[in-house]
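Which chain is which? The protein sequence lines are H and G, in order. End of the first sequence sits at 529 in full-length UniProt numbering; the numbers just go up one at a time, nothing left out. End of the second sequence sits at 529 in full-length UniProt numbering; the numbers just go up one at a time, nothing left out. Glycine residues also receive a C-beta, built at the ideal position from the N, C-alpha and C atoms. Inspection log for the structure reproduced underneath, given as structure tokens.
2 protein chains.
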Amino acid sequence: MPISRRAFLTTAGKTAFAAYPAMMALGLLRSAPAHAFELSGNGNNKHIIILGAGLAGMTAAYELSKLGYRCTLLEARNRTGGRCWSIRKGAALQETEQPLQTATFDDGLYFNAGPSRIPHHHALTLHYCKELGVPLQVYNNINEAAYYFSEGKGPLSNKKVRIREIHNDLRGYMTEMLAKAIDQHQVDAGLTKEDAQKIIEYLRAEGGLDIDKLYKASSRRGYTAPPGAGAQVGTIADPYRLADIISSGLMDPDFYNVAEYTYELQMTMFQAIGGMDRIAAALEKKVAPMIRLGCKVSAIHNQAEGVRVTYRDKNGEKQLSGDICICTIPLPVLSNIDHNFSSDVSRAIDYIPYMTTGKMGLQFKRRFWEEDEGIYGGITHTNNELTQIFYPSNDYLGKKGILIGYYNFYETAAKVGALSLEQRRQLALEKGGMIHPQYAKEFETGFSIAWHKTPYSLGGWALYNSETRQTFYKALLQPEKQVYFAGEHMTHLNAWMAGAFESARSVVAAVHARVAEQRLAYPPAHATN
Amino acid sequence: MPISRRAFLTTAGKTAFAAYPAMMALGLLRSAPAHAFELSGNGNNKHIIILGAGLAGMTAAYELSKLGYRCTLLEARNRTGGRCWSIRKGAALQETEQPLQTATFDDGLYFNAGPSRIPHHHALTLHYCKELGVPLQVYNNINEAAYYFSEGKGPLSNKKVRIREIHNDLRGYMTEMLAKAIDQHQVDAGLTKEDAQKIIEYLRAEGGLDIDKLYKASSRRGYTAPPGAGAQVGTIADPYRLADIISSGLMDPDFYNVAEYTYELQMTMFQAIGGMDRIAAALEKKVAPMIRLGCKVSAIHNQAEGVRVTYRDKNGEKQLSGDICICTIPLPVLSNIDHNFSSDVSRAIDYIPYMTTGKMGLQFKRRFWEEDEGIYGGITHTNNELTQIFYPSNDYLGKKGILIGYYNFYETAAKVGALSLEQRRQLALEKGGMIHPQYAKEFETGFSIAWHKTPYSLGGWALYNSETRQTFYKALLQPEKQVYFAGEHMTHLNAWMAGAFESARSVVAAVHARVAEQRLAYPPAHATN
């Protein structure tokens, strides 16, 4: 039975985020190269109020304005970009319960307080970088020259151990165990004799086993003295004992970081040259006339037709009316804003938890991690409050540099975020100095951020589980009358810039489909006919 | 018993390549930052003839001229750099038995015919890039988005399979086998019960095993439909069957490339921005007045004092005399040059084998490997004549690009190198087109090189085994009267630019020590007193 265009769009409109495929089915999407977003039809100057000038809000404004919509972007901060923020000289932050902090880094130095990595398969992020002319460089996420540092645990404790040493030792010991077990017919995996032999050969290559299937350290672990000219053959160290690796906790999830196996963290990764907020800056350039900074929203009210937003700027309280509102405000912030939303939506806003997370950038006089230790990018893992140290993937072989001195989550981030700014700095320097004694001599200045204590963010990103996906998340997928929700929290790409881009497009498609059908009032006019 | 300075230097001089440490012991090396090379004393305008203006020869000239030596560099080609060569528009090559080939790539496009990667621990290469002002960028050597392509073998044959799929499936199946074997007490590795349990937990994380220690495909393998906004959760494919992976040869050394585990190929890797020969060009700038291009050496003769080199340039045969000669000519080329060397040295020159190897650069209208397939850098591995396809690690998201269509070795390179230029091109396009059908539509122009057929190189790099290290190699480590041998073949860093740099420094130190002792004649004057 053929479905009428109206009925189809009504259905599609109800599940707002499904509108993009629906529009493809209806032929509303023009044929276009991959990732281009060319919708047909015109927004006829309909007024869209967008709350939040982060990546999601600015992308929505950018795409809607291409379609003939009139957009107003209200942004509480005095800058755009939201969590897409790079800390340079002069960057200022006043966390809740903290004094004002202003960055005093040298000109040209920065660190990414928010997103710092782009997976190569986040096609929409790459697309916008290309369309907006933001040059990229490789973010070197995987570097086994970095360390594991186990504080106070086992024979390898308080000693920096190269990741490559542990990784090769574990690969060696595990393949040795398996190769021997297969050889002694102790593995029941239904293998033919030939396959068993092939697997043993593979395991020997994989683990670097000798002819007797024994693991011996090789140059895969690096050299104690490198090979060179003449008689300089290069020497290697003995492997660590498996029992020592285990009892030092280096097989625990703290260290043995399978994170690098996740699809999102596999190489190739990218970053914007000069700081990730170059992406936000490029978007801002496209929508600058639509942006009103320093506008703190206090209420969002659906009307019989359209929506009314109340906000306060330096001149006092104001109201703004529009046909549609796209709200990209992070949920912990939105939770403190007055609204007339349904109870399901209100509950979702109040109860979806956000990640507790903090980062600290530390500027050093020289790049000792490169000069002294041969570490170019990558991540050191610890079992203490630092959790991780990130080495910069830019300006290699340069003079100075900024490390991410810690990047932590959950309880650790809550604990560190509760410290004073000075205490955080002391912690980063003291614990980091156990790994890099050069800290003491080379440190210049630092800047810390606890995202859960940062106004207008109040968290790192939305945290879902399978239950909240079915309840809270679903409630927000529907437009709340004239209000649509967008941002990384409205996707399965949480914490990634790709979430902001994908969500913005999805909402733009849904809004555009609705406007095409002139269903601006709620319930839709045609449904009451 | 104290050793006299003369006796010490005499000993050190005999094992020329040990001179650098010897000079450190004598205090002839100034205290300097890591990798700086500051020798004391003056060369007093002694004349050093350097044969070959590749990296080793130019580095030797650069360092010797800093010390007050007069250097003359004789180079057979009409360009410097030797194997450090990037193919751009206009690059010309006439291999033995081939017509002249001239590159017709677009302006700004290139590929590195020789060295294309710098390991992060090749400190001297990084040092010279920094000292000479050659900017670097990350070379993305590890990219599991690239493919394995098994031609004509097993159920997965003639199908491009993402490396990440095979890697995760193998990691999954292997850890599953081992976790079960340990759980069923079938592994006798002297593990305590607690350690066995810890290892099982580690294996579950490492392989992505479920609670029952079974491997199930996860998003680590990538998605068939990516996660996105709204209800778009992302879907994943089933793993390949282990038996299929085995019978398709994907566990064979052809594919399952443990090469990436070798220390030299671990991330972080670098390349010179704009082409690796920017390093040669920067060196050339430093020693340009000393270089004579187009000078084909025909004889090297030690004299009672000094050395005499015979060469031919466009004006005919000439002779040049010097106090010392540093010969960086690759051995297969040197083997055809007349000399009065000892029989041990002569034999070494004649018998040390060099790698047979070839590369082909293919220019395409668009970067379909990025746009269509999400491959940014990295290497596809095949079991056919291509062996490897390298995707460029520069100008990501650009318009056009050059792939390395094949990079092969040994018999495969010999076979492909024996083809006509047109046949090589056809082979690269036909076999590559099985993996990337876009080849047919997007190909523009190509350029191939067989290093073993390239005059003045006649091979990729020196190939040693433990026996030839003890015999031939050792014979060349001694100076042959006034002639010193330098280049990657005089190191344990074969095939790497670092070999050229390390070798040059080692020889410069040896020459400088000898000159300091005024032992220019052979046998040394003081030995006959």
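Beta-bridge pairing of residue i - partner residues as DSSP gives them
{"i": "residue 119 (chain H)", "result": "H:269"}
{"i": "residue 87 (chain G)", "result": "G:111"}
{"i": "residue 409 (chain G)", "result": "G:357"}
{"i": "residue 311 (chain G)", "result": "G:297, G:318"}
{"i": "residue 507 (chain H)", "result": "Looking at the DSSP assignment, residue 507 (chain H) forms no beta bridge with any residue, so it has no partner."}
{"i": "residue 447 (chain H)", "result": "H:361"}
{"i": "residue 487 (chain G)", "result": "Answer is none; residue 487 (chain G) lacks a bridge partner."}
{"i": "residue 237 (chain H)", "result": "BP columns for residue 237 (chain H) are empty, so no partner."}
{"i": "residue 209 (chain G)", "result": "G:215"}
{"i": "residue 139 (chain G)", "result": "G:269"}
{"i": "residue 161 (chain G)", "result": "G:148"}
{"i": "residue 542 (chain G)", "result": "An answer regarding residue 542 (chain G) cannot be provided, because it is not within the stretch 1 to 529 covered by chain G."}
Under the three-state DSSP convention, the category residue i falls into
{"i": "residue 515 (chain H)", "result": "helix"}
{"i": "residue 468 (chain G)", "result": "helix"}
{"i": "residue 401 (chain G)", "result": "strand"}
{"i": "residue 362 (chain G)", "result": "strand"}
{"i": "residue 175 (chain H)", "result": "helix"}
{"i": "residue 125 (chain G)", "result": "helix"}
{"i": "residue 305 (chain H)", "result": "strand"}
{"i": "residue 29 (chain G)", "result": "Because the pLDDT at residue 29 (chain G) is just 48, under 50, the model does not fix this residue reliably, and the value given afterwards should be weighed accordingly. DSSP places residue 29 (chain G) in strand when its eight states are reduced to three."}
{"i": "residue 186 (chain H)", "result": "coil"}
{"i": "residue 192 (chain G)", "result": "coil"}
{"i": "residue 328 (chain G)", "result": "coil"}
{"i": "residue 426 (chain G)", "result": "helix"}
{"i": "residue 501 (chain H)", "result": "helix"}
{"i": "residue 64 (chain H)", "result": "helix"}
{"i": "residue 482 (chain H)", "result": "coil"}
{"i": "residue 291 (chain H)", "result": "strand"}
{"i": "residue 2 (chain G)", "result": "Legend: pLDDT at residue 2 (chain G) = 39, less than 50; position of this residue unreliable, no value from coordinates given."}
{"i": "residue 197 (chain G)", "result": "helix"}
{"i": "residue 475 (chain H)", "result": "helix"}
Candidates the options: closest to residue i by CA position
{"i": "residue 74 (chain G)", "options": "G:456, G:501, G:106", "result": "G:456"}
{"i": "residue 404 (chain H)", "options": "H:391, H:216, H:229", "result": "H:391"}
{"i": "residue 230 (chain G)", "options": "H:447, H:345, H:314, H:488", "result": "H:488"}
{"i": "residue 374 (chain H)", "options": "G:104, G:99, G:267, G:479", "result": "G:267"}
{"i": "residue 167 (chain H)", "options": "H:135, H:433, H:258", "result": "H:258"}
{"i": "residue 499 (chain H)", "options": "H:54, H:37, H:43", "result": "H:54"}
{"i": "residue 435 (chain G)", "options": "G:332, G:379, G:309", "result": "G:379"}
{"i": "residue 57 (chain H)", "options": "H:514, H:502, H:515, H:516", "result": "H:502"}
{"i": "residue 551 (chain H)", "options": "H:260, H:330, H:295", "result": "Because chain H is modelled from 1 through 529, residue 551 (chain H) falls outside the range shown and cannot be assessed."}
{"i": "residue 294 (chain G)", "options": "G:76, G:71, G:49, G:44", "result": "G:76"}
{"i": "residue 50 (chain H)", "options": "H:103, H:227, H:409, H:327", "result": "H:327"}
{"i": "residue 137 (chain G)", "options": "H:253, H:273, H:232, H:52", "result": "H:273"}
{"i": "residue 48 (chain G)", "options": "G:416, G:385, G:484", "result": "G:484"}
Cβ pair residue i, residue j closer than 8 angstroms
{"i": "residue 337 (chain H)", "j": "residue 291 (chain H)", "result": "no"}
{"i": "residue 151 (chain H)", "j": "residue 468 (chain H)", "result": "no"}
{"i": "residue 236 (chain G)", "j": "residue 217 (chain G)", "result": "yes"}
{"i": "residue 366 (chain H)", "j": "residue 442 (chain H)", "result": "yes"}
{"i": "residue 357 (chain G)", "j": "residue 413 (chain G)", "result": "yes"}
{"i": "residue 516 (chain H)", "j": "residue 41 (chain H)", "result": "yes"}
{"i": "residue 148 (chain H)", "j": "residue 120 (chain G)", "result": "no"}
{"i": "residue 52 (chain H)", "j": "residue 67 (chain H)", "result": "no"}
{"i": "residue 385 (chain H)", "j": "residue 314 (chain H)", "result": "no"}
Closer than 7 angstroms: residue i CB and nearest the ligand SAH heavy atom
{"i": "residue 253 (chain G)", "result": "Of ligands this structure carries none, so the ligand SAH is not represented either."}
Cβ pair count under 8 angstroms reaching 3, the region 106-120 of chain H against the region 354-374 of chain H: Contact annotation: the region 106-120 of chain H touches the region 354-374 of chain H, with at least three C-beta pairs closer than 8 angstroms.
Contact between the region 75-86 of chain H and the region 264-280 of chain H: three or more CB pairs below 8 angstroms? Flag = yes, the region 75-86 of chain H and the region 264-280 of chain H touch.
Sufficient close CB pairs (3 or more, under 8 angstroms) joining the region 137-157 of chain G to the region 244-252 of chain G: Counting C-beta pairs with one atom in each stretch, the region 137-157 of chain G and the region 244-252 of chain G have three or more that are closer than 8 angstroms, which means they touch.
Specify whether the region 338-354 of chain G and the region 313-325 of chain G touch according to this definition: at least 3 beta carbon pairs, one from each stretch, less than 8 angstroms apart. no
Would you check if the region 126-137 of chain G and the region 396-403 of chain H touch, i.e. whether three or more CB-CB distances between them fall below 8 angstroms? They touch, by the three-pair rule.
Taking 8 angstroms as the cut-off, does the region 167-180 of chain G touch the region 218-226 of chain G (at least 3 CB pairs, one atom from each stretch)? yes
Evaluate contact between the region 176-183 of chain H and the region 301-321 of chain H, counting only Cβ atoms and requiring at least three cross-stretch pairs below 8 angstroms. Verdict: no, contact absent.
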